[in-house]
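Trainee: In the order they appear, the protein sequences are chains A and B.
The C-terminal position of the first sequence is numbered 390 in the working numbering, with every residue numbered one higher than the one before it.
The C-terminal position of the second sequence is numbered 514 in the working numbering, with every residue numbered one higher than the one before it.
All C-beta atoms in this analysis are idealised placements derived from N, C-alpha and C, irrespective of residue type, glycine included.
Bear in mind that the values here come from a model prediction, so they are computed numbers and not experimental data.
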Amino acid sequence: MTEFINRNRRHLTWALYALVAVLILLFVGDQLAGKRAARVVQTLISGVLVGGVYGLVALGIVVINKASGVFNFAHGWMMVVGGMIFWSFFTVSEISVPGALLLSTATMLMIMSTVSWRTLREGRNPLITVGGIVLLTALMTVGGIEFQWLHALAGTFAGAILTGLAVERFAIRPLIGQPLFTAVLMTLAVAEVLHGVTQIAWGTVELNLPIFVDPHTNSRFRPIRLDAFRDLLDGVAIVRVELIIAFVLAIIAFAGFIVFFRYTSVGLAMRATSEDQQLAQSVGLRVRVILAITWAVAAFLASIAGVLQGGAVGLSLNISYVALRVFPAVLLGGLESIAGALIGGIIIGIVEQFGTLLNSSEQVGTNLAPYLVLMLVLIIRPDGLFGEKRIERI
Amino acid sequence: MKRLCIPLLILLLAGAALPSLAQDMLAYPSDLSACEVDMTGETLTVFHFGDLSGPYAFITQPIISAMNDAISYWNGQGGVCGAQLEQVYEDTGGNREAAQSAYDRFTSQYPDELDLLMLYSSDDGELLREQLAADEIVSYISAGSIESLYGEDGMTPGWLYASNPLYINQFGFFCQFVAASPETFPDPVIGFVTWPNAFGRAGTEPAAREYCANLGVDVLEEPQFFLPTDTDILTQVQNATDAGANIIYTNSLASGPALIAGTLVDLGLEEDVKLAGVNWVMDTTVGLLGQRVLKPNGLPSVDGMFGSMPFRWWSEVSHPAVQFVYQQFSINQRAIAEQNIAYLVSWGVIDSIIETYIRTVNRVGSLDAVTGADIRDTVESMDYAVLGGLFQARFEEGMRDGAMNRIAVMKYANADMSGPATGPADALLVDGPSGKMFVPLVLPLTDFMPVPQLRSQ
């Protein structure tokens, strides 16, 4: 018997997991049997759409991890900063020209000095810098309130790039060559700094960010009602428009990043850098530039997620905690996997919603179910669903 | 980047109703005790700490503004019986370890001066309850949990004194209101959709359910929880309504009630299901954030939401306390977004502290001689209309929380500011950061009445 177990340990383990999974599904199925079809469909829709937002947040964390191996604990606060910058430009009828000029100048100087400060003086760089400053300032200030979207997008783009580059330049770059854990701890410190900066700059009052507003009614978009399926579902399911928008944006971002990492030289360089920074540097890759681009991109992604989340529920410091809820999605999908971030986000979203449907009173949906699923997946696939299995030679 | 303006304009209404305030300085509205001891040359320190940068920061930050304004006002008037006021405070970020550390620092640095401490949250109250009693330090708090005020058995009054009624008592009071209003609430069934922390769970206890059932108001046994970071709570709201709830009650703040109200509108249930909650749902932030979703009648989703209002509110512009605080708010050019519960009630807490010290010093002879036990004796014999009636401080016979409450409804002002709007056509709309904005009103529906005492049931 012992010999049989030892010989078939692997298969028996899988059989055990399969049994547990079947039992869970039977239990859930039994619980769902008492629910109207409309509720089940509604829960599935909510789970997928909320999961899309989780996926977008997870993508920012994965991008940093993929390129640098650093797990970014400051991502939630980057979301807050990005959302607040967007709010500042979106809700003001007249943008301060000196303020916009200052933001543009700081951003362009950081971009153009990514390799070193000396490059600012080389060749056409001064001209490009001035041109960039003029262009960004113009985009942020042109026209009145009717151009609020343009102002907000330009301002958020500049603010996010500046945030990402500043974090990389002043916090992460000095740690190149140091143990990764040091950089991870640095992201905790960055989170606190961003927390403080946000509080000083925008205060702590919860802000309304009316981006999902129907201009005719000045109200949030009415949800889409699936009335055609009323009889079939024994009720009506609804789909919230702002969550569809967030979901579509998430899908576009994911598609873009998959292409970027697979087919562009910068993307490939990022992947190479994530394997081994010193090796990448030795073959001529500009590790500094690659890391800087990565942080800027992650900050921009965080800003998009912050704006979407702020538009859906209001902008407050609490948005930073969304990133904490996304960590299971990141681990579930695999720390380095772009597609895994989306699928992990959607799975966590669905699990949360069904957990809440079955038992909201004990917070099964948010506190228990996602972590149970995560545990189960990690036991079977320690690198996550789509993570890269690493083999280290000793 | 500079903080940009938020033209929320509850104040427009108040400002328009108070045209004379800009010209004349109003008299301090409290009937403070006369000073029998001259404290000139001495310093009266107001100690407080709590979450100023964590999850509750959006509602607590105006405490500091109110404290600064009140201290500046009093020192400008020559102090309290001659003593200059100052404050010592600390931000704990909502972290229990930080709260403990702040308490340890305060008690070690100010062993003689620290007799009275202001706290912000139930969590800190629970953490420090035993220590305050051991160190004989009285604590004023806006709202406390049963455990912080009365101990785990709910029967042991401690050294913390709350100005608001316990949340469970507020819920019982709401049940009274529902039972007395059958036209508004036919066949009432209440379902909790609330935050999952100690604050959010208050009122979900079996004692509250039993009390309400005896009044003919059913309360669903299973509360539905959601987090402040949730983007979609359709599942929780539908769980409650599917179980039969036609009233949703919430212990949440800011975006919490607004999210529930918006979800009800999304589901087309805004007429069939009423929304209600504790005193915090009546705050300015809710009135603003609730405008994100409009009902089919064109008014914001939280229009018609019920809530506790155990103190006077900004829109009660004829009340001397409100007039006075509003004038100070204007003089100090506070940001309009700070015009919330915390700013208003903090002026009341300062007034309570001053009255407490005046009475205690009158009795013991000098500020130096005052101890925590002396302060406690004073507090327990007080029956005091704070700031001339902002709320009542009465802690006799072991009471540690506010005994009186009112039910109010959130509405939006009509164009001539004579009452609530019936639709967007007659509503007062002002320019805001996101276009036209409605001006929230909080209208009391009842007089101040005693709350039921449910903690001991």
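#1: Please list, in chain order, the chain A residues whose beta carbon lies closer than 8 angstroms to that of N125 (chain B).
#2: At a Cβ cut of 9 angstroms, what residues of the segment 0 to 25 of chain A count as close to chain B, listed as they run along the chain?
#3: Quick check on H105 (chain B): does DSSP put it in helix, strand or coil?
#4: For P497 (chain B), which residues does DSSP report across the bridge?
#5: Would you say K493 (chain B) lies against chain A (beta-carbon separation less than 8 angstroms)?
#6: Under DSSP, the beta strand (DSSP E) around T307 (chain B) begins and ends at which residues?
#7: Inspect the beta-carbon positions of L516 (chain B) and I411 (chain B) and report whether they are closer than 8 angstroms.
#8: Checking contacts by CB at 8 angstroms: is Q38 (chain A) closer than that to chain B?
#9: Thinking just about the alpha-carbon of each residue, which of A:M(-3), A:G25, A:L8 and A:L40 is nearest to the one in I234 (chain A)?
#10: Please report how far the alpha carbon of F166 (chain A) lies from the alpha carbon of Q305 (chain A), in whole angstroms.
#11: Between P497 (chain B) and chain A, is there a C-beta pair that is closer than 8 angstroms?
#12: Can you round the beta-carbon distance between V309 (chain A) and S309 (chain B) to whole angstroms, since I take them to be within the 8 angstroms contact cut?
#13: Taking C-beta pairs closer than 7 angstroms, name the residues in chain B that T362 (chain A) reaches, listed in chain order.
#14: Give the range of the alpha helix (DSSP H) segment to which F256 (chain B) is assigned.
#15: Quick check: is the beta carbon of Q396 (chain B) nearer than 8 angstroms to any beta carbon in chain A?
#16: Please decide whether L272 (chain B) counts as near chain A, where near means a Cβ-Cβ distance under 8 angstroms.
#17: For the alpha helix (DSSP H) that contains K62 (chain A), what are its first and last residues?
#18: Leaving out five residues before and five after A249 (chain A) in sequence, what residues of the same chain have Cβ atoms less than 8 angstroms from its Cβ?
#19: State yes or no: is the C-beta of M439 (chain B) within less than 8 angstroms of the C-beta of R451 (chain B)?
#20: Buried or exposed: S270 (chain A), going by 16 or more other Cβ atoms within 10 Å of its Cβ?
#21: Between A:L320, A:T159 and A:G65, which lies nearest to A102 (chain A) when the distance is taken from Cα to Cα?
#22: List the residues of chain B whose Cβ lies closer than 9 angstroms to the Cβ of I234 (chain A), in chain order.
#23: Quick check: what's the CA-CA separation for G302 (chain A) versus S215 (chain A)?
#24: Would you please verify whether the beta carbon of Y317 (chain A) is less than 8 angstroms from any beta carbon of chain B?
#25: Ignore the nearest five residues each way along the sequence and tell me which others in M362 (chain B)'s own chain have a CB closer than 6 angstroms to its CB.
#26: Distance, Cα to Cα, G48 (chain A) vs L324 (chain B)?
#27: Along the alpha helix (DSSP H) that carries E(-1) (chain A), what are the first and last residues, could you check?
#28: Quick one: what's got a C-beta closer than 7 angstroms to L326 (chain B)'s C-beta in the same chain, skipping five residues either side?
#29: Give a yes or no on whether the minimum CB-CB distance between V402 (chain B) and chain A is below 8 angstroms.
#30: Using a Cβ-Cβ cut-off of less than 7 angstroms, give me the residues of the segment 91 to 102 of chain A that come near chain B, in sequence order.
#31: With a threshold of 16 other CB atoms inside 10 Å of the CB of Y160 (chain B), please say whether the residue is buried or exposed.
#32: Could you confirm whether any beta carbon from chain A is found closer than 8 angstroms to the beta carbon of L485 (chain B)?
#33: I'd like to know whether the C-beta of G364 (chain B) is nearer than 8 angstroms to at least one C-beta of chain A.
#34: Less than 8 angstroms between the CB atoms is what I'm expecting for P239 (chain B) and N303 (chain B), so what's the real figure, rounded?
#35: Taking Cβ to Cβ, would you say M366 (chain B) is nearer than 8 angstroms to A465 (chain B)?
#36: Quick one: grab the DSSP three-state call for G364 (chain B).
Mentor: The short version:
#1: Under the 8 angstroms cutoff, chain A gives no residues; its nearest Cβ is about 15 angstroms from N125 (chain B).
#2: none
#3: strand
#4: B:Y469
#5: yes
#6: I304 to T307
#7: No answer is possible for residue 516 (chain B): the residues shown for chain B start at 58 and end at 514.
#8: yes
#9: A:L40
#10: 28 angstroms
#11: no
#12: Not confirmed; about 12 angstroms, so no contact.
#13: L284
#14: A255 to R258
#15: no
#16: no
#17: A33 to S64
#18: L52, L55, L297 and I300
#19: yes
#20: buried
#21: A:T159
#22: L291, D323, L324 and G325
#23: 20 angstroms
#24: yes
#25: L332 and M467
#26: 22 angstroms
#27: T(-2) to R3
#28: T298
#29: no
#30: G95
#31: buried
#32: no
#33: no
#34: Contact flag wrong, Cβ pair sits at about 13 angstroms.
#35: yes
#36: strand
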